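Residue numbers (UniProt numbering): 1 to 618.
Note that beta-carbon positions come from the ideal geometry of N, C-alpha and C, so glycine has one too.
These numbers were taken from a predicted model, which means no experiment stands behind them.
Set out below in structure tokens:
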């Protein structure tokens with residue numbers, strides 16, 4: 001039997017089609033057949049993840065859904081607790097958090113941070129992705145933890161609100177054994193942001209928010225597409241205290257401020273660098289911290305429902321009587337109304353320190369969580385999924401099963417309109433008319449969602465690499481069934497290239513063949529001309545040069561033949577070939593009837609001789 005006491009204080013982010021999880025604590029207990037229980041903790045230097053292109057069960061403890069891949073050796077593998085994972089669509093940064101004193105590393109100073117580059121962004125080629133790199137912070141410190149954070153990929157930015165820090169922004173550790181002053185007992189009054197527009201050249205910004213916005217720990221920070229650059233919404237949280245130095249004394253301020261953080265929300269207009277506070281109403285939840293949120297917009301874009309799950313009323317005390325909640329609330333804006341949409345009275349699935357991620361228009365996935373006591377196991381598994389349409393928990397995740405977001409009837413009955421939108425309820429009073437005006441400014445940039453994800457059944461993701469999507473390979477145990485989403489276009493490109501090469505080769509072959517045929521025709525024509533010339537000259541020579549051929553006479557007396565004028569080794573122009581005239585010394589030649597062989601007899605004595613440019617006789 002497997003029991004999971006905790007998978008809390010993690011940092012996580014939704015990166016395209018994968019949820020990456022880092023840091024925190026991961027503890028599980030295994031009970032054998034003999035009844036003995038073994039407790040184990042997560043190994044260092046592991047990066048956990050959920051592959052959202054594959055279906056998995058949510059009815060077990062979550063071990064079938066969560067996978068891991070090794071990190072690099074060295075300080076990159078150190079686990080930070082309650083830090084931040086800040087991402088756009090190309091990289092994510094692991095920033096801040098508590099480090100165990102026993103695992104401290106002298107190389108990790110106030111400006112140390114790390115990033116994992118996933119997909120090339122910009123002109124500089126990204127080689128061997130994905131890969132970790134460390135870098136030096138500029139204008140901010142690493143010594144911050146337990147703040148609210150949110151990533152805004154459409155702006156290539158991420159934000160960290162408030163949180164805990166050390167004395168004078170100095171170092172701090174999570175466990176006992178360190179210096180007595182190395183504790184995170186101070187509030188951060190800063191809004192820290194990072195611009196990831198240029199990979200490897202991130203720009204950090206550090207702004208102090210006004211004193212009218214109380215500093216706190218463990219709040220939720222939500223970004224909404226309202227205003228020209230969007231708007232940040234701060235919900236919940238608790239007054240800071242020393243994380244490991246719990247006190248039995250709970251102050252009145254701790255009790256009242258926790259409730260104030262849900263009865264009032266704070267908004268930050270990013271474009272105008274301006275903060276606002278707006279009072280909420282409705283079925284307000286109790287004080288809440290270490291919970292998680294996801295938002296869904298109505299189809300007409302007139303209302304935004306922020307779903308809040310779990311968390312607890314953190315007094316920083318061992319005597320806290322309130323267990324973590326398992327309820328789900330919706331804060332609807334711009335009505336600023338709280339509506340309780342799921343009630344779990346016995347807190348069966350209660351938890352704190354978990355993370356929520358929207359994985360479809362209507363689905364909110366919950367990752368991790370823990371109970372106050374490390375000896376108790378969380379119920380419902382490490383991975384849960386809430387259907388924001390039906391307001392029910394799902395027992396299975398399947399990327400092929402999803403729906404458009406529809407405002408639940410329990411919500412639109414409060415804010416007006418229908419499941420498609422049309423909300424018409426506004427606050428009974430606006431704390432500022434500028435807040436009302438802010439909701440009238442449209443966000444014009446595209447908010448890119450990578451869902452619905454391609455369904456790749458029977459796959460197990462290994463060492464995630466992202467090129468648009470995480471690469472998946474068929475599971476040997478499942479017998480395959482499906483291909484990675486990147487493969488069809490890749491094969492199409494390769495086949496298209498092969499067809500183009502084949503056509504090009506065929507054209508070149510035809511051109512060469514035609515050229516060869518033309519050369520053969522020219523050669524045959526030349527050879528024919530040569531043969532005709534040869535026959536002509538042979539006939540001429542037979543008449544004027546060697547009468548014995550022309551007359552069909554056979555000379556029984558062997559004689560030396562003249563050179564062949566068409567022999568390539570000794571070609572002689574026929575215009576220079578002469579025969580010696582048949583003469584008798586000073587006497588004319590008489591031809592006697594029946595004595596024709598006299599001329600042949602004389603000619604045998606004087607055979608023709610080839611000379612060049614002269615005439616001669618022997």
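First and last residue of the uninterrupted alpha helix (DSSP H) at residue 253: 252 to 263
Burial state of residue 12 (16 or more Cβ within 10 Å): buried
Start-to-end residues for the alpha helix (DSSP H) that takes in residue 438: 433 to 438
Neighbourhood of residue 591 by C-beta distance below 6 Å, restricted to the same chain and skipping five residues each side: Note that residue 591 scores 48 on pLDDT, short of 50, meaning its location in the model is unreliable; the coordinates nonetheless yield the value given after this. Excluding positions up to five away in sequence, the list is empty.
Same chain only: Cβ atoms within 7 Å of residue 221, ignoring 5 sequence neighbours per side: 148, 149, 150, 159, 161, 232, 234
Cutoff 6 Å; reference residue 219; Cβ partners in own chain excluding five residues on either side: 148, 234, 236, 237
Spatially closest choice to residue 88 from 135, 18, 68, 101, by CA coordinates: 18
Cutoff 6 Å; reference residue 427; Cβ partners in own chain excluding five residues on either side: 336
Beta-carbon gap between residue 276 and residue 432 smaller than 9 Å: yes
DSSP beta-bridge partners of residue 349: BP columns for residue 349 are empty, so no partner.
C-alpha gap between residue 646 and residue 192, whole angstroms: In this structure the chain extends from 1 to 618, so residue 646 is not present and cannot be described.
Enclosing beta strand (DSSP E) for residue 36 [first to last residue]: Per DSSP, residue 36 belongs to no beta strand (DSSP E) and is neither H nor E.
The ligand COA heavy atom lying under 8 Å from the CB of residue 264: This structure lacks the ligand COA, and indeed carries no ligand of any kind.
Whole-angstrom distance between residue 377 and residue 34, CA atom to CA atom: 20 Å
Assigned secondary structure, residue 103 (DSSP; H/G/I helix, E/B strand, else coil): helix
The stretch 252 to 272 contacting the stretch 281 to 290, beta-carbon criterion three pairs below 8 Å: yes
As assigned by DSSP and simplified to three states, the class of residue 493: helix
For residue 107, the nearest candidate out of 135, 322, 84 (CA to CA): 135
DSSP bridge partner residues for residue 279 (one or two, in chain order): 264
Beta-carbon spacing of residue 118, residue 84 below 9 Å: no
Endpoints, alpha helix (DSSP H) assigned at residue 235: It is not in any alpha helix (DSSP H) - residue 235 instead sits in the beta strand (DSSP E) that spans 231 to 235.
Cα-Cα separation, residue 255 to residue 239: 9 Å
Proximity below 9 Å, CB of residue 22 to CB of residue 382: no
Endpoints, alpha helix (DSSP H) assigned at residue 409: 409 to 415
CA-to-CA distance, residue 394 to residue 309, given in whole angstroms: 15 Å
Sequence-distant residues of its chain with Cβ nearer than 8 Å to residue 388 (five each side left out): 294, 296, 305, 307, 362, 363, 364, 405, 408
Residues near residue 356 by beta carbon distance below 8 Å, same chain, minus five either side: 292, 293, 294, 307, 309, 364, 365, 366, 367
Residue 333: first and last residue of the uninterrupted beta strand (DSSP E) it sits in: 328 to 333
Whether residue 398 touches residue 145 by CB criterion (9 Å): no
C-alpha distance - residue 139 paired with residue 217, whole-angstrom precision: 22 Å
Residue environment, residue 502, which counts as buried when at least 16 other CB atoms sit within 10 Å: exposed
Per-residue burial, residue 300 [other beta carbons within 10 Å of its own, 16 or more giving buried]: exposed
Own chain partners of residue 586 with C-beta closer than 6 Å, once the 5 adjacent residues on each side are dropped: Only weak support is given to the placement of residue 586: the predicted model assigns it a pLDDT of 45, under 50, and the question is left unresolved by the model.
Three-state secondary structure assigned by DSSP to residue 91: strand
Residue 209 beta carbon less than 9 Å from that of residue 189: yes
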